[in-house]
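J.: The structure that follows is given in the form of structure tokens.
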Amino acid sequence: MREPVALLGATTAQDKAQRAALSRGLLTPADARILATRDHGDAFFQAAGHARLAAWLDLPAMFGTAGETRVLVDLDDGRQNLLRQRLQDEHSKVADLVARAFSRFGLGLGNLMRGAYTIIIWDGRRHQLSLALDPMGGKTLYYTQRESGGFAVAGQARTLNHLPGNRPPDPRATLMWCLNEYDTRFSMWQGITGLRPGEWLTLAQAGVVQQRRFAIPRSPTRTFDAAGWWRTLETIVREKAPDPASTHSMLSGGLDSTCVAATYRAATGTAPACHAYAFANLQDCAEQSWSQASAAQLGAPLIMYAAEDYPVFHRLSEADKPENPFQSGTLLEHAILRRVRAENGLFLMTGHGGDSLFTNPATALISGKPWARPSGRTQSSAAKAKRLWQVWLAHWQPNSLQRYRARRRGHWRRQPAWLRTEALQAADPWSWLDQMPLRSSLDPLTFSLHTRLTRDAAGVRRAIHWYNRAGLMHGVKVVHPLFDERLADWVLHISRRQWQTAQQPKGLLRRLLGERFGLEVVHRLEKPTLTAYYHASLEREQAFLKEQSHIWSAQGVPWFDAACFARTVTEYCNGQPPYPPADFLAAAWFLVWYHRDFYSN
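According to our numbering, the sequence shown is numbered sequentially starting from 807.
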């Protein structure tokens, strides 16, 4: 909903031009933009938002000061009760509290913050920059060192790429995308670095990085209670979409989106206007019938979109470069946001986050025997010990683990040789604090759940970040009630016994929905609808991709194997849903990264 940007450090004659470059890079359209600016000489802060959301932006409250400490804070929860309690201040704006608390607690401030947030802190006395991202990673924050000295920071990497300088594509991000991974450290461009969920960085003028990670704040005495979970979700939807008259909701007919829409009706007494996909030609993907059934039970108006009329791939102009392929969206999502705006909607709720919350953990973790194999075959003591070690350290993400995952999934051999040998070599190692953010007393099940909710929730964050960016363009605040640390805290307290009663996929959420609302959707099995949609759309692009392969082959690009590319495209397009999209993306990556007018999600 808001776009923060900052130029920090040495002031030069180029600053005026660089400030203008940042403004050009903002996703909020210039003709509908509201700006708030603070200029402290060596610290220039700016926040932007869409005029349609002016009543909820409160941009001046994002800026804070305490002595020589300047702060720009973008957060969803403006109360921050724990922070106010520690500072014994109930009236000051949160940005000033953050500036005071950072001067007092340093990086320990992370233990006091709640909700989704990004924080930019400039210490004018020490000339140090500190950056922070919330543990769930619901927002994004990127930084780069300026050639003239100091730093530039923005909520979107695309904004920073408008600054002067040559920034070639980053092969590490290429590999992450090919492997269907999502690591916010790596932007599309070299020299522009993102924060990972829960990361706090302090950078000196020389660019030296100190970092620390924080776990999801957990209640020490809580046990999972269905009534408490529903009360929490109702509170969240009321906070995130406070105006029922202008609130809309995605409604796929699945468990997650139906849960959000039904909760909103229960919390406000009004069913939101709902939007759903329709597929006329895809087999075993009758999503529209489930959407219609859910809307009828909720008493909600339903707007349908013929999804197959909107291609997955489309070409862009040179002036509108993508930020990252895995953060991009399609014309279908833009059409939905335009319709929401045409209906005078200000808020669009989605069901993103439900999979991270309620996907059943592995049987071995539920049974308390993490070394066990699903096949039941007896293992040696050494094999059991190795498996137990892997489970306990499942939250580690060193470079070697990424390479292991690539080999295990069979994608590694599909990558060009230079990418296999060089892409991850320059990746910065993870510190000891990065690797051990949780208390050692937590058992493997809790480790696994925490990892899934934060570092492994790649697909959820990818979609959330895209919708947030698209919402900025259209003046619609996209909210994701299920992706919230308060709900994550409840899930981290679900016992093994409660998980064990959920035999169906996402069985616990099915049971909760059935008990609460009696909806028929609880009997639905999740279908690979969007995978089939991508498959059908990509099939239409087969001729274009093969044509491009001949162009690149003729140019003699050393890393491009035209025969291998054409073979992979054919294999993908001849497959049947749900053929793994990553196999196709691994072949088409070069188009997105090296062809400036091509763009996909």
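All residues carry an ideal CB built from backbone N, CA and C; glycine is no exception.
Answer yes or no: do G961 and D880 have a C-beta to C-beta separation smaller than 9 Å?
T.: Here residue 961 corresponds to residue number 155 of the sequence shown, with the count starting at 1. Here residue 880 corresponds to residue number 74 of the sequence shown, with the count starting at 1. For G961 and D880, yes; Cβs fall inside 9 Å.
J.: Do you know how far the Cα of K1175 is from the Cα of G1281?
T.: Position 475 of the sequence shown, counted from the start, is the residue given in the question as residue 1281. Position 369 of the sequence shown, counted from the start, is the residue given in the question as residue 1175. Taking the straight line from one Cα to the other gives about 50 Å.
J.: Could one say the Cβ of A1077 lies closer than 9 Å to chain C's Cβ atoms, at least one of them?
T.: Absent here is chain C; the protein component of the structure consists of one chain.
J.: For the beta strand (DSSP E) containing K786, name the first residue and the last one.
T.: Residue 786 falls outside the range modelled here, since the chain spans only 807 to 1407, and no answer is possible.
J.: Would you decide whether A857 is buried or exposed? Buried here means 16 or more other CB atoms lie within 10 Å of its CB.
T.: Numbered from 1 along the sequence shown, position 51 holds the residue referred to as residue 857. It is exposed - the Cβ of A857 has fewer than 16 other Cβ atoms within 10 Å.
J.: What three-state label does DSSP hand F1396 in the structure shown?
T.: Along the sequence shown, read from residue 1 onward, the residue named residue 1396 stands at position 590. Unreliable positioning characterises F1396 in this predicted model, as indicated by a pLDDT of 45, which lies under 50. The coordinate reading is nonetheless provided below. In this structure, F1396 counts as helix in the three-state DSSP scheme.
J.: Give the secondary structure of R1028 by DSSP, where H, G and I count as helix, E and B as strand, and everything else as coil.
T.: Counting from 1 along the sequence shown, the entry for residue 1028 is found at position 222. Coil.
J.: Indicate whether G1157 and M1056 have their beta-carbon atoms separated by less than 9 Å.
T.: As a first step, residue 1157 must be located in the sequence shown, where it is residue number 351. As a first step, residue 1056 must be located in the sequence shown, where it is residue number 250. The answer is yes: Cβ separation under 9 Å.
J.: Check for me: the beta strand (DSSP E) holding K822 runs from which residue to which?
T.: Locating residue 822 in the sequence shown gives position 16, where the first residue counts as 1. Counting along the chain, K822 falls outside any beta strand (DSSP E), though it belongs to the alpha helix (DSSP H) covering D821 to G831.
J.: For the alpha helix (DSSP H) containing M1279, list its first residue and its last residue.
T.: Position 473 of the sequence shown, counting from 1, holds the residue named residue 1279. It spans A1264 to H1280 - the alpha helix (DSSP H) in which M1279 sits, taken as one unbroken run.
J.: With distances taken between CB atoms, is the gap from V959 to P866 smaller than 9 Å?
T.: Here residue 959 refers to the residue found at position 153 when the sequence shown is read from its first residue. Here residue 866 refers to the residue found at position 60 when the sequence shown is read from its first residue. In this structure, P866 does not lie closer than 9 Å to V959 by Cβ.
J.: Restricting to Cα atoms, I'd like to know which of I1172, W1096 and Q1309 is closest to T1064.
T.: Reading the sequence shown from its first residue, position 258 is the one you call residue 1064. Ranking the options by Cα distance to T1064, first place goes to W1096.
J.: Would you grab the beta carbon distance between P1312 and F1164 for me? Rounded to a whole angstrom, and I think it's under 8 Å.
T.: Here residue 1312 is taken as the residue at index 506 of the sequence shown, counted from 1. Here residue 1164 is taken as the residue at index 358 of the sequence shown, counted from 1. Rather than Pro, the amino acid found at residue 1312 in this sequence is Lys. Right, their Cβ atoms sit about 5 Å apart.
J.: Which stretch, first to last residue, makes up the beta strand (DSSP E) that contains A857?
T.: Position 51 of the sequence shown, counting from 1, holds the residue named residue 857. Premise fails: A857 is in no beta strand (DSSP E) and is neither H nor E.
J.: Where A921 and D837 are concerned, what is the direct C-alpha to C-alpha distance, given to the nearest angstrom?
T.: What you label residue 921 is simply residue 115 of the sequence shown in a count that begins at 1. What you label residue 837 is simply residue 31 of the sequence shown in a count that begins at 1. In the sequence under discussion, the amino acid at residue 921 is Gly, which differs from the Ala named in the question. So the two alpha carbons sit approximately 31 Å from each other.
J.: Got a sec, what are the start and stop residues for the beta strand (DSSP E) F869 sits in?
T.: By one-based count along the sequence shown, residue 869 stands at place 63. Where F869 is concerned, the enclosing beta strand (DSSP E) stretches over F869 to A872.
J.: Tell me whether A1200 is buried or exposed, calling it buried when 16 or more other Cβ atoms sit within 10 Å of its Cβ.
T.: Here residue 1200 is taken as the residue at index 394 of the sequence shown, counted from 1. Annotation note: pLDDT 47 at A1200 (below 50); position unreliable, coordinate value reported separately. Buried: at least 16 other Cβ atoms inside 10 Å.
J.: Grab me the residues of K1046's own chain with a C-beta within less than 7 Å of its C-beta, minus the 5 sequence neighbours each way, in chain order.
T.: Within the sequence shown, residue 1046 is the residue found at index 240, counting from 1. So the qualifying residues of the chain are V1285 and P1287.
J.: Could you check how far apart the C-beta atoms of R924 and L947 are, in whole angstroms? I think they sit under 8 Å.
T.: Taking the sequence shown and counting its residues from 1, the one referred to as residue 924 is at position 118. Taking the sequence shown and counting its residues from 1, the one referred to as residue 947 is at position 141. Checking the sequence shown, residue 924 turns out to be Thr, not Arg. Indeed they touch by this definition, with Cβ atoms about 4 Å apart.
J.: Spatial neighbours of L1001 within its chain, please: CB distance less than 7 Å, with the 5 preceding and 5 following residues excluded, ordered by chain position.
T.: As a first step, residue 1001 must be located in the sequence shown, where it is residue number 195. Same-chain partners within the cutoff: L937, L939, L947, T990 and L1007.
J.: Hey, could you find the ends of the beta strand (DSSP E) A1112 is sitting in?
T.: Here residue 1112 is taken as the residue at index 306 of the sequence shown, counted from 1. A1112 -> beta strand (DSSP E) spans L1108 to A1112.
J.: Indicate whether G1059 and S1100 have their beta-carbon atoms separated by less than 9 Å.
T.: Here residue 1059 refers to the residue found at position 253 of the sequence shown. Here residue 1100 refers to the residue found at position 294 of the sequence shown. For G1059 and S1100, yes; Cβs fall inside 9 Å.
J.: Excluding sequence positions up to five away, which residues of its chain have a Cβ less than 7 Å from the Cβ of P941?
T.: Along the sequence shown, one-based indexing puts residue 941 at 135. Within the same chain, P941 has close Cβ partners P1003, G1004, F1020, A1021, I1022, T1260 and E1291.
J.: Measuring straight from C-alpha to C-alpha, what distance separates A979 and T950?
T.: Looking up residue 979 in the sequence shown gives position 173. Looking up residue 950 in the sequence shown gives position 144. Roughly 16 Å between the two C-alpha positions.
J.: Measuring alpha carbon to alpha carbon, tell me which of A827, L859 and L915 ends up nearest R808.
T.: Taking the sequence shown and counting its residues from 1, the one referred to as residue 808 is at position 2. Checking every option, the nearest Cα to that of R808 belongs to L859.
J.: Could you name the residues of the same chain whose beta carbon sits closer than 6 Å to that of H1081, not counting the 5 residues immediately before and after it, in chain order?
T.: Within the sequence shown, numbered from 1, the residue matching residue 1081 stands at position 275. Here the set comprises M1056, I1109 and I1142.
J.: If you follow the beta strand (DSSP E) that L935 is part of, which residue opens it and which one closes it?
T.: To locate residue 935, count along the sequence shown from 1; it is residue 129. Q934 to L939 is the span of the beta strand (DSSP E), which, as asked, contains L935.
J.: Short of 6 Å in beta carbon distance, which residues of its chain neighbour R890, apart from the five on each side in sequence? Order them along the chain.
T.: Working through the sequence shown from its first residue, we reach residue 890 at position 84. Result list for R890: E896, in chain order.
J.: Cβ of A1068 within 9 Å of Cβ of F911?
T.: Within the sequence shown, the letter at position 262 stands for residue 1068. Within the sequence shown, the letter at position 105 stands for residue 911. No.
J.: Do you know how far the Cα of D1062 is from the Cα of G831?
T.: Taking the sequence shown and counting its residues from 1, one reaches residue 831 at position 25. Taking the sequence shown and counting its residues from 1, one reaches residue 1062 at position 256. Going by the C-alpha atoms only, they are around 34 Å apart.
J.: Is it buried or exposed, P1250, if we count other Cβ atoms within 10 angstroms and call 16 or more buried?
T.: On the sequence shown, position 444 is the one that residue 1250 refers to. Answer is buried; the Cβ neighbour count reaches 16.
J.: Indicate the three-state DSSP secondary structure (helix, strand or coil) for S1162 in the structure shown.
T.: Along the sequence shown, read from residue 1 onward, the residue named residue 1162 stands at position 356. Three-state result, S1162: helix.
J.: Assuming V1146 contacts H1054 under a Cβ cut-off of 8 Å, what Cβ separation, rounded to an integer in Å, is found between them?
T.: Position 340 of the sequence shown, counting from 1, holds the residue named residue 1146. Position 248 of the sequence shown, counting from 1, holds the residue named residue 1054. With 8 Å as the limit, V1146 and H1054 qualify as a contact, their Cβ atoms being about 5 Å apart.
J.: Once you ignore the five residues that flank L1319 on each side, which residues in its own chain have a CB closer than 8 Å to its CB?
T.: Here the question's residue 1319 lines up with position 513 in the sequence shown. L1061, T1064, C1065, A1068, L1325, V1327 and V1328, listed in sequence order.
J.: How long is the line joining the alpha carbons of Q1017 and P975, rounded to whole angstroms?
T.: In the sequence shown, residue 1017 corresponds to position 211, counting from 1. In the sequence shown, residue 975 corresponds to position 169, counting from 1. Looking at the two C-alpha atoms, the distance is approximately 25 Å.
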